[in-house]
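Q: For what it's worth, UniProt numbering labels the leading residue of the sequence shown as 1, then goes sequentially.
All residues carry an ideal CB built from backbone N, CA and C; glycine is no exception.
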Amino acid sequence: MSIGSGYIFGDKGSEWRMMKLRSLRGSAKSLNQPVEEIAFERYGTLERYDEAREEEQELERRKTYGIKKTQPTGDLYRERLAKEQKHDAKLSRHEDQVIEDIKEDEMASHGHTMTLSELNSIKAKLLKAQMMQSSDVQHLQQRYDAAVHHFETQQQAASVVVLPDMDSRGQAVQKREEDMTIEDMVREEKRESKLINAARQDADRIAKDGKYSDTLDYQDEQADKLAQRVQRKELNLKNMSISQYQKMQKVLDSCSLCHKEEGAEPPIAPVVSLATRTFLSLPSAPLTRYHCLIVPLQHRTNTLECDDDEWVEIRNFMKSLTRLYDNLGMSPMFYESNARPYKKSHAAIECLPIPKDLAGQVPRFWQEALVSADEEWSQHRPLIKTDGNMFTRKMTSELAYFHVWFDLNGGLGHVIEDDSKWPRGDLFGREVVGSILGLDVTVWRRHAQWDGNKSSKELQQFQSKWQRWDWTQTLLEQ
């Protein structure tokens, strides 16, 4: 058994691990990429991937022959290493010839100059192959060695040294902007930043020191005090970074929407459907039947932090839920509450079905609620229209906000300027939905925690209706 595999085949996390494995294969096929490459990105090591394959084989075997293994033995991973070693042995027999061929090809390419960028590109491919434990490692290592040889030979031939322009004081003269390369610009930016910081420190010291004297003797006397001040600032920055890291780790450890043990354990919240970067879940205190959540797998503070791939999946869930709700004779409504981003809560989009006869009144309810939510005099407009798929362009992840979608194309956004006056948790959104649906106050004010029950009646009912519209099934079939 591999070190660190603290789970049992067929335990409560087994269904999650198998779902993750099937999703991985579907993604590899749809992206037309090797399974091992996707596996390395998802699992971190191919050994973890082989452990999941081993569990899959054991669970399939149990259907006929009963239990044989309870934990990973590492057999599949050892087989992989044996095949790699056998393949590497074949490659090594051609090593010398390959190196010579590459050197001849490089040196024979008239008019071509090996650049540092090309050299780095070859090195990047080599490092990727090493991380993937690919059989091409040795070949790429040979190619890289030959490229280094050619580059060094080329550098020795180019023995002309270009001196920088100097002024009468021996200081480098800044180039004109149109003559500067990217490297020149970065170097100049760093140099100017250092000068500005030094000037600020000098000004700060002079302002605080009533006995300041612009003499070398005085500055020598104050050198120890200045050094202590710089050390204190650096120590404060270090302590701040440690504190922020510890705070974030505490949030992740207690998050009910995050999968645990590096993906081996499912989240406490139920998983209805699992895509590549997102999943569909159910709320802990649903407002109505078929109320669900679209959640990014990665711990995002809000959905505006999501990348393009995540948003493709979010919209796929929205489209499929729209079809489901329409089949039930309902209209969709989606909203996201990002009232307190500093708390680093896991982002989620609430998805609710609304009776079609009420759908026309929904925008009016939200407009009135959002306009009266903040103070009359505020820095931002109370309503930000996001129709035409303008949500990601008109709203920003840096500010607290609330957003509601009336359909797939957008809806209304609102920037929350004073969260101390905003209802705690998700009470604002729940109260508005309660008003639209005419729910009792005890329903929309109810607060609950997920209990980790993966076979609840609500989950089974939702899955039975959702199965027909579940777009993630295509990932498994591809």
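(1) Roughly how many whole angstroms lie between the Cα atoms of E15 and E55?
(2) For a test of the three-state rule: what should DSSP assign to N327, helix, strand or coil?
(3) Suppose you measure from the CA of A52 to the CA of R17; what does that come to, to the nearest Å?
(4) So the candidates are S420, G429, Q154, S397; which of them puts its Cα closest to the Cα of W405?
(5) Compare the beta carbon distance of N302 and A269 with 8 Å and say whether it is the shorter of the two.
(6) Could you tell me whether the region 437 to 454 touches the region 391 to 410, where touching means 3 or more Cβ pairs closer than 8 Å?
(7) Apart from the five residues just before and just after Y49, which ones in its own chain have a Cβ nearer than 6 Å to its Cβ?
(8) Can the beta-carbon of T278 be found closer than 8 Å to that of E305?
(9) Over the uninterrupted alpha helix (DSSP H) stretch that includes L459, give me the two end residues.
(10) Whose C-alpha, out of K20, S456, Y7, is nearest the C-alpha of P283?
(11) So does the region 351 to 367 actually touch the region 316 to 330, counting three or more Cβ pairs closer than 8 Å?
(12) DSSP beta-bridge partners for L412?
(13) Give me whichever residues DSSP pairs with P355 in a beta bridge.
(14) Under 6 Å Cβ to Cβ from Q151, same chain only, skipping five residues before and after it: list those, please.
(15) Which residues in the same chain as W471 place their Cβ atom closer than 7 Å to its Cβ, once the five residues preceding and following it in sequence are excluded?
(16) Looking at the unbroken alpha helix (DSSP H) that takes in F391, where does it start and where does it end?
(17) Would you kindly check if the distance between the Cβ of G411 and the Cβ of Y401 is under 8 Å?
(18) Specify, as a first and last residue, the run of the alpha helix (DSSP H) that S345 falls within.
(19) Note down, in chain order, each residue of its chain lying with its Cβ closer than 7 Å to the Cβ of C258, except the 5 sequence neighbours on either side.
(20) Could you tell me the alpha carbon to alpha carbon distance between S435 and M333, rounded to whole angstroms?
(21) Do L274 and K68 count as a contact pair if the criterion is CB distance below 8 Å?
(22) Please confirm whether any heavy atom of the ligand FAD lies closer than 7 Å to the CB of Q71.
(23) By how many angstroms is the C-alpha of L280 removed from the C-alpha of V295?
(24) With DSSP as the reference, please indicate the residues paired to V295 in a beta bridge.
(25) Determine the direct distance from the alpha carbon of K12 to that of L126, and round the result to whole angstroms.
(26) So, with DSSP's three-state summary, where would you put Y49?
(27) Would residue 522 be called buried (16 or more neighbouring beta carbons within 10 Å of its own) or exposed?
(28) Give me the Cα-Cα distance between D307 and M395, rounded to the nearest whole angstrom.
(29) Measuring CB to CB, does L383 end up less than 8 Å from V371?
(30) Consult DSSP for Y439 and reduce its assignment to one of helix, strand or coil.
(31) Enumerate in chain order the residues of its own chain whose CB-to-CB distance from Y290 is below 6 Å, with the five nearest sequence positions on each side excluded.
(32) Once DSSP output is grouped into helix, strand and coil, what is the label at S273?
(33) The alpha helix (DSSP H) that contains M18, what's its start and end?
(34) Determine the closest residue to K465 out of K385, I349, Y342, L324, with distance taken between C-alpha atoms.
(35) So, with DSSP's three-state summary, where would you put T322?
(36) Tell me the DSSP secondary structure of Q473 in three-state form.
A: On the basis of the supplied data:
(1) For this step, residue 15 is matched to residue 15 along the sequence shown. For this step, residue 55 is matched to residue 55 along the sequence shown. Computed Cα separation, rounded: 11 Å.
(2) For this step, residue 327 is matched to residue 327 along the sequence shown. Note: N327 maps to helix in three-state DSSP.
(3) Position 52 of the sequence shown, counted from the start, is the residue given in the question as residue 52. Position 17 of the sequence shown, counted from the start, is the residue given in the question as residue 17. If you take the alpha carbons of A52 and R17, they lie about 7 Å apart.
(4) In the sequence shown, counting from the first residue as 1, residue 405 sits at position 405. Closest by alpha carbon: G429.
(5) Against the sequence shown, residue 302 aligns to sequence position 302. Against the sequence shown, residue 269 aligns to sequence position 269. Not in contact: N302 and A269 (Cβ atoms no closer than 8 Å).
(6) no
(7) On the sequence shown, position 49 is the one that residue 49 refers to. Once the five neighbours on either side are set aside, the close Cβ partners of Y49 are A39, Y43.
(8) Working through the sequence shown from its first residue, we reach residue 278 at position 278. Working through the sequence shown from its first residue, we reach residue 305 at position 305. No, the Cβ-Cβ distance between T278 and E305 is not below 8 Å.
(9) If you number the sequence shown from 1, residue 459 lands on position 459. Per DSSP, L459 belongs to the alpha helix (DSSP H) from 457 to 466.
(10) The residue given as residue 283 occupies position 283 in the sequence shown. Ranking the options by Cα distance to P283, first place goes to S456.
(11) yes
(12) Within the sequence shown, the letter at position 412 stands for residue 412. L412 pairs with K385, V404.
(13) Taking the first residue of the sequence shown as position 1, residue 355 is located at position 355. Answer is M330, bridged to P355.
(14) The residue labelled residue 151 in the question sits at position 151 within the sequence shown. Note on identity: in this sequence residue 151 is Phe, with Gln being the wrong assignment. Once the five neighbours on either side are set aside, the close Cβ partners of F151 are M114, L119.
(15) Working through the sequence shown from its first residue, we reach residue 471 at position 471. Cβ neighbours of W471 beyond the five flanking positions: N316, S320.
(16) As a working note, residue 391 is residue 391 in the sequence shown. Its alpha helix (DSSP H) spans residues 391 to 394.
(17) Locating residue 401 in the sequence shown gives position 401, counting from the first residue. Locating residue 411 in the sequence shown gives position 411, counting from the first residue. Against a cut-off of 8 Å, the Cβ pair of G411 and Y401 comes out as no contact.
(18) Within the sequence shown, numbered from 1, the residue matching residue 345 stands at position 345. Looking at the DSSP string, S345 is not in any alpha helix (DSSP H), and its letter there is neither H nor E.
(19) The sequence position of residue 258 within the sequence shown is 258, counting from 1. Around C258: L252, P267, H299, H346.
(20) Position 435 of the sequence shown holds residue 435. Position 333 of the sequence shown holds residue 333. Cα to Cα, the separation comes out at about 14 Å.
(21) Residue numbering aside, residue 68 sits at position 68 when the sequence shown is read from its first letter. Residue numbering aside, residue 274 sits at position 274 when the sequence shown is read from its first letter. No, these two residues do not count as a Cβ contact at 8 Å.
(22) This structure simply doesn't include the ligand FAD, nor any ligand for that matter.
(23) For the purposes of this step, residue 295 is taken as the residue at position 295 of the sequence shown. For the purposes of this step, residue 280 is taken as the residue at position 280 of the sequence shown. Near 6 Å, if we compare the C-alpha coordinates of L280 and V295.
(24) For the purposes of this step, residue 295 is taken as residue 295 along the sequence shown, with counting starting at 1. For V295, which the question treats as bridged, DSSP gives the partners F279.
(25) On the sequence shown, position 126 is the one that residue 126 refers to. On the sequence shown, position 12 is the one that residue 12 refers to. If you take the alpha carbons of L126 and K12, they lie about 39 Å apart.
(26) Looking up residue 49 in the sequence shown gives position 49. Helix.
(27) Residue 522 is absent from the structure shown; the chain starts at 1 and stops at 478.
(28) Indexing the sequence shown from 1 puts residue 307 at position 307. Indexing the sequence shown from 1 puts residue 395 at position 395. If I take the Cα positions, the gap works out to 15 Å.
(29) Taking the first residue of the sequence shown as position 1, residue 383 is located at position 383. Taking the first residue of the sequence shown as position 1, residue 371 is located at position 371. Taking 8 Å as the Cβ cut-off, L383 and V371 qualify as a contacting pair.
(30) Translated into positions along the sequence shown, residue 439 becomes position 439. Reading off the sequence shown, one finds Leu at residue 439, where the question assumed Tyr. In the structure shown, L439 sits in coil (DSSP, three-state: anything other than H, G, I, E or B).
(31) Your numbering for residue 290 matches position 290 in the sequence shown. Same-chain partners within the cutoff: P353.
(32) Translated into the one-based positions of the sequence shown, residue 273 becomes position 273. S273: strand per DSSP, three-state reduction.
(33) Taking the sequence shown and counting its residues from 1, one reaches residue 18 at position 18. Start and end: 14 to 31.
(34) Your numbering for residue 465 matches position 465 in the sequence shown. Comparing Cα positions, the closest option is L324.
(35) As a working note, residue 322 is residue 322 in the sequence shown. Three-state result, T322: helix.
(36) If you number the sequence shown from 1, residue 473 lands on position 473. Three-state result, Q473: helix.
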